[in-house]
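Undergrad: Heads up: take any position in the sequence shown, counting from 1, add 4, and you land on the working numbering.
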Amino acid sequence: MRRPLFLKQPNPKVTRPLQERVLLIGLTRTAQNRSVTAEHLQELEQLVTTIGYEVAAVMIIQPKRFEPATMISKGKIDEIAEILINQAIDEIVFDDDLTPTQLRNLQEIFDCEVRDRSSVILEIFARHARTKEAKTQIELATLEYLLPRLTRRWTHLERQIGGIGVRGGAGETQIEMDRRLVKTRIAKLNEALEAIERERLVQRKGRRDCFHIAIVGYTNAGKSTLLNVLTGAEVKVEDQLFATLDTTVRKLTMNGFQNLLLSDTIGFIRKLPADLIASFRSTLREIQEADLILKVADLSSPYCLEHLDTVDEVLHELGVITKPIIVVFNKIDCSDDLALKRAKSRFPEAVFISAARQLRLDDLRQAIVRVLEQEGINLLVRLPLSAAKAIALVRDNAQIRAETYINGEVSFELFCYRRVWNWLAPKLREFTKGQYDAEHP
Ligand SMILES: Nc1nc2c(ncn2[C@@H]2O[C@H](COP(=O)(O)OP(=O)(O)OP(=O)(O)O)[C@@H](O)[C@H]2O)c(=O)[nH]1
Ligand SMILES: [Mg+2]
5 MRRPLFLKQP NPKVTRPLQE RVLLIGLTRT AQNRSVTAEH LQELEQLVTT IGYEVAAVMI
65 IQPKRFEPAT MISKGKIDEI AEILINQAID EIVFDDDLTP TQLRNLQEIF DCEVRDRSSV
125 ILEIFARHAR TKEAKTQIEL ATLEYLLPRL TRRWTHLERQ IGGIGVRGGA GETQIEMDRR
185 LVKTRIAKLN EALEAIERER LVQRKGRRDC FHIAIVGYTN AGKSTLLNVL TGAEVKVEDQ
245 LFATLDTTVR KLTMNGFQNL LLSDTIGFIR KLPADLIASF RSTLREIQEA DLILKVADLS
305 SPYCLEHLDT VDEVLHELGV ITKPIIVVFN KIDCSDDLAL KRAKSRFPEA VFISAARQLR
365 LDDLRQAIVR VLEQEGINLL VRLPLSAAKA IALVRDNAQI RAETYINGEV SFELFCYRRV
425 WNWLAPKLRE FTKGQYDAEH P
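(1) Should V206 go down as buried or exposed, given a rule of 16 or more other Cβ atoms within 10 Å for buried?
(2) Go ahead and label F284 buried or exposed: buried means 16 or more other beta carbons lie within 10 angstroms of its beta carbon, across all protein chains shown.
(3) Going by Cα to Cα distance, which pick from I55, P430, I64, D400 is closest to H44?
(4) May I ask you to report which of helix, strand or coil DSSP gives A191?
(5) Is it right to say R119 is buried, meaning 16 or more other beta carbons lie within 10 angstroms of its own, or is it exposed?
(6) Three or more C-beta pairs under 8 Å: does that hold for the stretch 47-60 against the stretch 74-81?
(7) Give a yes or no on whether the C-beta atoms belonging to L303 and I336 are separated by under 7 Å.
(8) Spell out the partners DSSP gives P388 in its beta bridges.
(9) Leaving aside the five residues before and after A191 along the sequence, list all residues of the same chain whose C-beta is less than 7 Å from its C-beta, in chain order.
(10) If I'm right that E143 touches L88 with Cβ under 8 Å, what's the distance once you round it to whole angstroms?
(11) From the DSSP output, in three-state form, read off C214 for me.
(12) Taking only heavy atoms of ligand 1 into account, decide whether any of them is closer than 6 Å to the Cβ of K299.
(13) Restricting to runs no shorter than 4 residues, where is the alpha helix (DSSP H) found entirely within the stretch 283-355?
(14) By the 10 Å Cβ neighbour count, where 16 or more other Cβ atoms means buried, how is S122 classified, buried or exposed?
(15) Tell me the start and end of each unbroken beta strand (DSSP E) in the stretch 29-111 that is at least 3 residues and wholly inside, in chain order.
(16) Please report how far the alpha carbon of R20 lies from the alpha carbon of D213, in whole angstroms.
(17) Checking 7 Å against the spacing of the C-beta atoms, do V324 and A354 come in under that value?
(18) Straight-line CA distance for A94 to F114?
(19) Quick check on E443: buried or exposed, where buried means 16 or more other Cβ atoms within 10 Å of its Cβ?
(20) Any idea if F3 is buried or exposed, counting beta-carbon neighbours within 10 angstroms, 16 or more meaning buried?
(21) Please find out if some non-hydrogen atom of ligand 2 comes closer than 6 Å to the beta-carbon of S304.
(22) Once DSSP output is grouped into helix, strand and coil, what is the label at R369?
(23) Taking Cβ to Cβ, would you say V241 is nearer than 7 Å to T229?
Here it is in structure tokens:
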């Protein structure tokens, strides 16, 4: 049987001048897995069009045996070589990650640029990075990826990190020099990131009296749209993968609850490169430190439930899987009944909304309130009137339901988030020299 090879019409959506014509290759272990591989290739197509490539052909290969040096057999190599010429293809992109050796071997065999999915994701991040933090993080991830892969041919990566003085020179000596330069630069970037993390820590300390809610989800699920409609923020919303690379934190107002913060950050994707997760640690910390996670999924995507599994994998890696989570299915305005039914049966507690159309947002607000009520405590706190600092702290950080004054003391009936109380109680002890009293009513 001939291999499935799909030739593509030029994509009218690509607005940049068309550059590289690419061949996408996905490997499948079994014939049954073919449809999954095809689905992954569709996503890879979205990724490569984001960086302006034109997909000329798509190929699914089912290797008969393990080929450590090249991933694919000699027969397939010949077939591909023919396609490269017939379709005037400039680059090959593999959906699977290639080892540095495989990458080098394939580049030499085909005498053209060969890259894998991770390098495409890194390039998108590099193009979308705007702030110093995002730029530093992506440059670090790119160089970590590049270091074991330095060869004479890595023009796409050179484009990404242009300007640090590394050249694809000839011969081993040049590569050794490049390697040293890259290592020095990695060390510098790590230092810069540590400084950024220290700044972030100071910022977070200033917000520790707040309850943090983090929006997470697959890329393009509608996370930024949700932040915008709930808080009036103006984060860029685009029908594009990885539009957001930075964290935005905004105050959230909810009846009867104060000091709520809502944050939106980078989206996840299947096979997010490990170097990326490692270098985006300061951005991802926002999720790790959250008290509640809103896990947003695009219900109109046929792969919605798979996307949720991917998000869980990343949350697992970040060690945050045990936090309170609300699953939010978004885009109900353009999803079908079957998808709704499936999602409801797998996630009976989930909420179903449309952020863009502002549909059923009250269901989400109520779900958040239920968590807030569980995460909060009611207390009766008595303080000496002379402890002005302690009284001010209570007023600023807790929600006061009632206050009474008796015998030189003020008595507050208050509601406070557990995490805030853990921080507040020692302060009250300090500012009243132990002269305070707190009890559950
Ligand atoms: N139909 C429909 N489209 C929506 C809805 N919510 C968001 N969108 C669209 O989905 C696309 C992605 O929205 P974003 O808010 O940028 O998604 P994101 O999750 O922040 O994406 P990244 O930052 O790229 O990971 C945009 O075109 C939005 O207009 C919705 O409820 N219904
Ligand atoms: Mg976004």
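Just so you know, even glycine gets a beta-carbon here, dropped at the ideal spot from N, CA and C.
TA: Put simply:
(1) Reading the sequence shown from its first residue, position 202 is the one you call residue 206. The residue in question, V206, is exposed, as its Cβ has fewer than 16 Cβ neighbours within 10 Å.
(2) Along the sequence shown, one-based indexing puts residue 284 at 280. Result: buried.
(3) As a first step, residue 44 is located in the sequence shown; it is residue number 40 there, counting from the start. Cα-wise, what sits closest to H44 is I64.
(4) Locating residue 191 in the sequence shown gives position 187, counting from the first residue. Residue state, collapsed to three classes: helix.
(5) Sequence index remark: in the sequence shown, residue 119 carries index 115 (1-based). Result: buried.
(6) no
(7) Position 299 of the sequence shown, counted from the start, is the residue given in the question as residue 303. Position 332 of the sequence shown, counted from the start, is the residue given in the question as residue 336. Yes, they are a contact pair.
(8) As a working mapping, residue 388 is identified with position 384 in the sequence shown. According to DSSP, P388 bridges with E413.
(9) In the sequence shown, residue 191 corresponds to position 187, counting from 1. Hits under 7 Å: none found.
(10) Numbered from 1 along the sequence shown, position 139 holds the residue referred to as residue 143. Numbered from 1 along the sequence shown, position 84 holds the residue referred to as residue 88. With 8 Å as the limit, E143 and L88 do not qualify as a contact, their Cβ atoms being about 31 Å apart.
(11) Residue numbering aside, residue 214 sits at position 210 when the sequence shown is read from its first letter. C214 falls in the coil class under three-state DSSP.
(12) By one-based count along the sequence shown, residue 299 stands at place 295. False, no ligand heavy atom lies under 6 Å from that Cβ.
(13) 285-292, 308-321, 341-350
(14) Here residue 122 refers to the residue found at position 118 when the sequence shown is read from its first residue. Buried, since its Cβ has 16 or more Cβ neighbours within 10 Å.
(15) 58-65, 95-98
(16) Along the sequence shown, read from residue 1 onward, the residue named residue 20 stands at position 16. Along the sequence shown, read from residue 1 onward, the residue named residue 213 stands at position 209. Model confidence at R20 stands at a pLDDT of 42, short of 50, so the residue's coordinates are unreliable and nothing is read from them.
(17) Counting from one through the sequence shown, the residue named residue 324 turns up at place 320. Counting from one through the sequence shown, the residue named residue 354 turns up at place 350. Result no, Cβ atoms of V324 and A354 do not sit closer than 7 Å.
(18) Within the sequence shown, residue 94 is the residue found at index 90, counting from 1. Within the sequence shown, residue 114 is the residue found at index 110, counting from 1. First, the residue type needs correcting, since residue 94 is Asp and not Ala in the sequence shown. Cα to Cα, the separation comes out at about 10 Å.
(19) Here the question's residue 443 lines up with position 439 in the sequence shown. Flag for E443 reads exposed.
(20) Because the chain spans 5 through 445 in this model, residue 3 falls outside it and cannot be assessed.
(21) On the sequence shown, position 300 is the one that residue 304 refers to. No, since every heavy atom of ligand 2 falls outside the 6 Å radius drawn around the Cβ of S304.
(22) Numbered from its first residue, the sequence shown carries residue 369 at position 365. Reduced to three states, the DSSP call for R369 is helix.
(23) Translated into positions along the sequence shown, residue 241 becomes position 237. Translated into positions along the sequence shown, residue 229 becomes position 225. Closer than 7 Å, so yes.
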